[in-house]
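Novice:
There are 4 protein chains.
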Amino acid sequence: MHAQRTQFQPKDPAFAARVRESFGRQKAMHHIGARLRAVGPGWTEVELPHREELTQQKGFLHGGIIGMIADNACGYAACSLMPANASPLTVEYKINILAPGRGDLYVAEGLVLKSGRTLTVTRAEVYAETASGRVHVASMQQTVLTLADTPDTPE
Amino acid sequence: MHAQRTQFQPKDPAFAARVRESFGRQKAMHHIGARLRAVGPGWTEVELPHREELTQQKGFLHGGIIGMIADNACGYAACSLMPANASPLTVEYKINILAPGRGDLYVAEGLVLKSGRTLTVTRAEVYAETASGRVHVASMQQTVLTLADTPDTPE
Amino acid sequence: MHAQRTQFQPKDPAFAARVRESFGRQKAMHHIGARLRAVGPGWTEVELPHREELTQQKGFLHGGIIGMIADNACGYAACSLMPANASPLTVEYKINILAPGRGDLYVAEGLVLKSGRTLTVTRAEVYAETASGRVHVASMQQTVLTLADTPDTPE
Amino acid sequence: MHAQRTQFQPKDPAFAARVRESFGRQKAMHHIGARLRAVGPGWTEVELPHREELTQQKGFLHGGIIGMIADNACGYAACSLMPANASPLTVEYKINILAPGRGDLYVAEGLVLKSGRTLTVTRAEVYAETASGRVHVASMQQTVLTLADTPDTPE
Numbered sequence: 072m073h074a075q076r077t078q079f080q081p082k083d084p085a086f087a088a089r090v091r092e093s094f095g096r097q098k099a100m101h102h103i104g105a106r107l108r109a110v111g112p113g114w115t116e117v118e119l120p121h122r123e124e125l126t127q128q129k130g131f132l133h134g135g136i137i138g139m140i141a142d143n144a145c146g147y148a149a150c151s152l153m154p155a156n157a158s159p160l161t162v163e164y165k166i167n168i169l170a171p172g173r174g175d176l177y178v179a180e181g182l183v184l185k186s187g188r189t190l191t192v193t194r195a196e197v198y199a200e201t202a203s204g205r206v207h208v209a210s211m212q213q214t215v216l217t218l219a220d221t222p223d224t225p226e
Numbered sequence: 072m073h074a075q076r077t078q079f080q081p082k083d084p085a086f087a088a089r090v091r092e093s094f095g096r097q098k099a100m101h102h103i104g105a106r107l108r109a110v111g112p113g114w115t116e117v118e119l120p121h122r123e124e125l126t127q128q129k130g131f132l133h134g135g136i137i138g139m140i141a142d143n144a145c146g147y148a149a150c151s152l153m154p155a156n157a158s159p160l161t162v163e164y165k166i167n168i169l170a171p172g173r174g175d176l177y178v179a180e181g182l183v184l185k186s187g188r189t190l191t192v193t194r195a196e197v198y199a200e201t202a203s204g205r206v207h208v209a210s211m212q213q214t215v216l217t218l219a220d221t222p223d224t225p226e
Numbered sequence: 072m073h074a075q076r077t078q079f080q081p082k083d084p085a086f087a088a089r090v091r092e093s094f095g096r097q098k099a100m101h102h103i104g105a106r107l108r109a110v111g112p113g114w115t116e117v118e119l120p121h122r123e124e125l126t127q128q129k130g131f132l133h134g135g136i137i138g139m140i141a142d143n144a145c146g147y148a149a150c151s152l153m154p155a156n157a158s159p160l161t162v163e164y165k166i167n168i169l170a171p172g173r174g175d176l177y178v179a180e181g182l183v184l185k186s187g188r189t190l191t192v193t194r195a196e197v198y199a200e201t202a203s204g205r206v207h208v209a210s211m212q213q214t215v216l217t218l219a220d221t222p223d224t225p226e
Numbered sequence: 072m073h074a075q076r077t078q079f080q081p082k083d084p085a086f087a088a089r090v091r092e093s094f095g096r097q098k099a100m101h102h103i104g105a106r107l108r109a110v111g112p113g114w115t116e117v118e119l120p121h122r123e124e125l126t127q128q129k130g131f132l133h134g135g136i137i138g139m140i141a142d143n144a145c146g147y148a149a150c151s152l153m154p155a156n157a158s159p160l161t162v163e164y165k166i167n168i169l170a171p172g173r174g175d176l177y178v179a180e181g182l183v184l185k186s187g188r189t190l191t192v193t194r195a196e197v198y199a200e201t202a203s204g205r206v207h208v209a210s211m212q213q214t215v216l217t218l219a220d221t222p223d224t225p226e
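Residue numbers (the numbering used here), protein chains in the order written: chain Y, 72 to 226; chain G, 72 to 226; chain H, 72 to 226; chain A, 72 to 226.
(1) Under 7 Å between C-beta atoms, does residue 217 of chain G make it to chain H?
(2) Do the CB positions of residue 183 of chain A and residue 198 of chain A come within less than 7 Å of each other?
(3) Whole-angstrom Cβ separation of residue 174 of chain Y and residue 201 of chain Y, contact assumed at under 8 Å?
(4) Give me the subset of the stretch 157-189 of chain Y whose CB atoms are less than 8 Å from a CB atom of chain A, sorted by chain position.
(5) On a Cα-Cα basis, can you pick out the residue from A/210, A/218, A/222 that is closest to residue 163 of chain H?
(6) Can you tell me whether residue 101 of chain A is buried or exposed, with buried defined as 16 or more other CB within 10 angstroms of its CB?
(7) What whole-angstrom Cβ distance do residue 114 of chain H and residue 76 of chain H have, given they're in contact under 8 Å?
(8) Quick check on the DSSP output: the alpha helix (DSSP H) that includes residue 91 of chain G runs from which residue to which?
(9) Which residues in chain Y sit within 8 Å of residue 83 of chain G, going by Cβ to Cβ distance?
(10) Residues in the same chain with beta-carbon distance under 6 Å from residue 105 of chain Y, minus the five sequence neighbours each way, listed in chain order, please.
(11) Whose Cβ in chain H lies nearer than 7 Å to the Cβ of residue 224 of chain G?
(12) Going by the C-beta, is residue 95 of chain Y closer than 6 Å to any heavy atom of the ligand NAD?
(13) Roughly how many angstroms separate the alpha carbons of residue 194 of chain A and residue 192 of chain G, rounded to a whole number?
(14) Would a C-beta distance cut-off of 7 Å place residue 169 of chain A and residue 208 of chain A closer than the cut-off?
(15) Leaving out five residues before and five after residue 205 of chain A in sequence, what residues of the same chain have Cβ atoms less than 6 Å from its Cβ?
(16) Less than 7 Å between CB atoms is the rule here; does residue 151 of chain G satisfy it with respect to chain A?
(17) Any contact of the stretch 78-96 of chain A with the stretch 135-151 of chain A, i.e. 3+ C-beta pairs under 8 Å?
(18) Please report the distance separating the alpha-carbon of residue 259 of chain Y from that of residue 93 of chain Y.
(19) Residues in the same chain with beta-carbon distance under 7 Å from residue 216 of chain Y, minus the five sequence neighbours each way, listed in chain order, please.
(20) Can you pull the DSSP bridge partners for residue 198 of chain H?
(21) DSSP state of residue 82 of chain Y, grouped into three classes?
(22) Could you tell me the alpha carbon to alpha carbon distance between residue 146 of chain Y and residue 224 of chain H, rounded to whole angstroms?
(23) Kindly indicate the opening and closing residues of the alpha helix (DSSP H) around residue 144 of chain H.
(24) If you draw a straight line from the alpha carbon of residue 220 of chain H to that of residue 155 of chain H, how long is it in whole angstroms?
(25) What's the C-alpha gap between residue 72 of chain H and residue 125 of chain A?
(26) Report the CB separation of residue 127 of chain G from residue 134 of chain G in whole angstroms; it is logged as a contact under 8 Å.
Below, the structure written as structure tokens:
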């Protein structure tokens, strides 16, 4: 379905398995209940069901949690285009919160804007979904560093 | 100790109790184990002990968690200068990750740069502390909106 | 041609003339040679022909000049959706430089992501055009404040 | 006077001459009238006298011009710590405009936060000076890439 989402050619044919395996090792994603629901060359979708324990003082999803899933959606979109023996490192990100996080499910869609040898620039949109539709809650722009010849596993 | 950290005059003399009470209602902060350890007029300190369940794929503190505590340190620094009946809303933030999150304890120090009627601009520095010292792991710059006459509680 | 670019309904039917008039009063845009080549509800296009006097130390278009035209493309995209008696104020912006500015003509396309009563969030893409094609040189994400009942003219 | 501003040790003992020479080749800085008034290891000061031709629609200094001098103050602060045969490349920056640019002279002070082998993170504060004092008008956070073994001159 997403085959035509980007024109990027992955350097590592096994990128999807590599990205899923790395995401699976992020204990922080397990802790909040987030899941990588799709990955393609230069894009990802991360989803998070609403949980009371992830809210801020007014009962909405905490902005920091919105940032976490957007950061991950961006970082793994970048990672999907890296060589097999490289490791991604978040340099920085900027996020605008567009609407309060009031949903049953949150979806962060990450997309590569520019894939360079050293740096990759990405974006993510976060949506809050309910039975009545989908609201755009946040937009991120991020920079990722490729660490060449660096395994993406604990030292 | 921090009495001279900023020159700001709080509009609400009971700001510290108000900030602590609002932070206490953030279930997401409880969920990750973060604590507001100090608050003054225009500044805060948020601390987070290291936990295995908050790590990324290489075993360091997840960058999104670093962002969460920095975002909170900034937001409540802004909140400390708001009138009693107002409510803070994060507009946006930008964070640079300066070093991997490898500590026993993380401390996010939030500070107001400019306090306006509608918008407040803040910064935070995040440090990773171990027995051998303190490493600067992240720097944030953030914008917060003051919602006048809006209670900072669930609707 | 651009009629369907966004779904926004302008609050001011005379928005295009108002935006063009305000842009025309920006002496800084005249000084660098930039021109508002198109404006619609929630979007703009700003163009700048290459000039030797706008270059940095390596002979490319200065990154600050790329930022200037992107900032303006964003700000006037926001302004196009404001009421007639309001005035836009740039709160902040973030820009990634994706490629060196090597073109005959630079085009900054601004687009509104979210239009709120107080705050508008926008994006811009900057392209460098030559006879051989178009290169994406920068991406911006910006926040604009609407100053209600404030004329957009010198005090 | 600024000798103790940072604790950084320059890799290139002739950094000040190298930075001044590179700044001097930026035609865009000449075009707006900006000058590098001071440089040390990890910091700079860029000054710009007010000019009618650099204003926006309300007669204040254009926000894009504020961004230009802040970007340069940051970039050359980073450059001061680079090896002699390297070249700086702005990856991205984020700027908050804190107050309108109403001054006789504007000063952008750049400072390195973190100096790494590949990436440098910097900040700048911009002030508007008049006979009656100094107003803080903007704050920037920026990322710079070090291009190793790349002359900082036209190709």
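Note that the Cβ used here is the ideal one computed from N, Cα and C, for glycine as well. Note that the structure is a prediction, hence the values are computed from the model and not measured.
Specialist: Quick look at the numbers:
(1) Within the second sequence, the letter at position 146 stands for residue 217 of chain G. No, residue 217 of chain G lies away from the interface with chain H (no Cβ there is under 7 Å from its Cβ).
(2) Residue numbering aside, residue 183 of chain A sits at position 112 when the fourth sequence is read from its first letter. Residue numbering aside, residue 198 of chain A sits at position 127 when the fourth sequence is read from its first letter. Not closer than 7 Å, so no.
(3) Within the first sequence, residue 174 of chain Y is the residue found at index 103, counting from 1. Within the first sequence, residue 201 of chain Y is the residue found at index 130, counting from 1. Indeed, because the Cβ distance is near 5 Å, the residues count as touching under 8 Å.
(4) 162, 163, 165, 189
(5) As a first step, residue 163 of chain H must be located in the third sequence, where it is residue number 92. Among A/210, A/218, A/222, the Cα nearest to that of residue 163 of chain H belongs to A/210.
(6) Translated into the one-based positions of the fourth sequence, residue 101 of chain A becomes position 30. Classification of residue 101 of chain A: exposed, given that the 10 Å Cβ count is below 16.
(7) If you number the third sequence from 1, residue 114 of chain H lands on position 43. If you number the third sequence from 1, residue 76 of chain H lands on position 5. That belief holds up - the Cβ atoms of residue 114 of chain H and residue 76 of chain H are roughly 5 Å apart, short of 8 Å.
(8) Working through the second sequence from its first residue, we reach residue 91 of chain G at position 20. Looking at the DSSP string, the run of the alpha helix (DSSP H) that includes residue 91 of chain G is 86-95.
(9) Along the second sequence, one-based indexing puts residue 83 of chain G at 12. Result: empty, since nearest Cβ-Cβ is about 16 Å, beyond 8 Å.
(10) For the purposes of this step, residue 105 of chain Y is taken as residue 34 along the first sequence, with counting starting at 1. These residues qualify, in order along the chain: 117, 119, 140.
(11) Here residue 224 of chain G is taken as the residue at index 153 of the second sequence, counted from 1. Chain H residues near residue 224 of chain G: none, gap ~21 Å exceeds 7 Å.
(12) The ligand NAD is absent from the structure shown, which contains no ligand whatsoever.
(13) Taking the first residue of the fourth sequence as position 1, residue 194 of chain A is located at position 123. Taking the first residue of the second sequence as position 1, residue 192 of chain G is located at position 121. Using only the alpha carbons, I get a separation of about 15 Å.
(14) Stepping through the fourth sequence from its first residue, residue 169 of chain A is reached at position 98. Stepping through the fourth sequence from its first residue, residue 208 of chain A is reached at position 137. Against a cut-off of 7 Å, the Cβ pair of residue 208 of chain A and residue 169 of chain A comes out as a contact.
(15) The residue you call residue 205 of chain A lines up with position 134 of the fourth sequence. So the list reads 198, once near-sequence residues are dropped.
(16) Against the second sequence, residue 151 of chain G aligns to sequence position 80. Chain A, which has no Cβ nearer than 7 Å to the Cβ of residue 151 of chain G, makes this no.
(17) yes
(18) What is shown of chain Y runs 72 to 226, which leaves residue 259 of chain Y out entirely.
(19) Here residue 216 of chain Y refers to the residue found at position 145 of the first sequence. Result list for residue 216 of chain Y: 160, 162, 189, 190, in chain order.
(20) For the purposes of this step, residue 198 of chain H is taken as residue 127 along the third sequence, with counting starting at 1. In DSSP, residue 198 of chain H forms a bridge with H/178, H/207.
(21) Sequence index remark: in the first sequence, residue 82 of chain Y carries index 11 (1-based). In this structure, residue 82 of chain Y counts as coil in the three-state DSSP scheme.
(22) Here residue 146 of chain Y refers to the residue found at position 75 when the first sequence is read from its first residue. Here residue 224 of chain H refers to the residue found at position 153 when the third sequence is read from its first residue. Between residue 146 of chain Y and residue 224 of chain H, the C-alpha separation is close to 43 Å.
(23) Residue numbering aside, residue 144 of chain H sits at position 73 when the third sequence is read from its first letter. From DSSP, the alpha helix (DSSP H) with residue 144 of chain H extends over 134-150.
(24) Here the question's residue 220 of chain H lines up with position 149 in the third sequence. Here the question's residue 155 of chain H lines up with position 84 in the third sequence. Cα to Cα, residue 220 of chain H sits roughly 9 Å from residue 155 of chain H.
(25) Counting from one through the third sequence, the residue named residue 72 of chain H turns up at place 1. Counting from one through the fourth sequence, the residue named residue 125 of chain A turns up at place 54. Any reading at residue 72 of chain H needs caution, since the residue's pLDDT is 39, under 50, leaving its predicted position unreliable; the model's value is listed next. Taking the straight line from one Cα to the other gives about 33 Å.
(26) Residue 127 of chain G sits at position 56 when you count from the first residue of the second sequence. Residue 134 of chain G sits at position 63 when you count from the first residue of the second sequence. With a Cβ gap of about 7 Å, residue 127 of chain G and residue 134 of chain G count as contacting.
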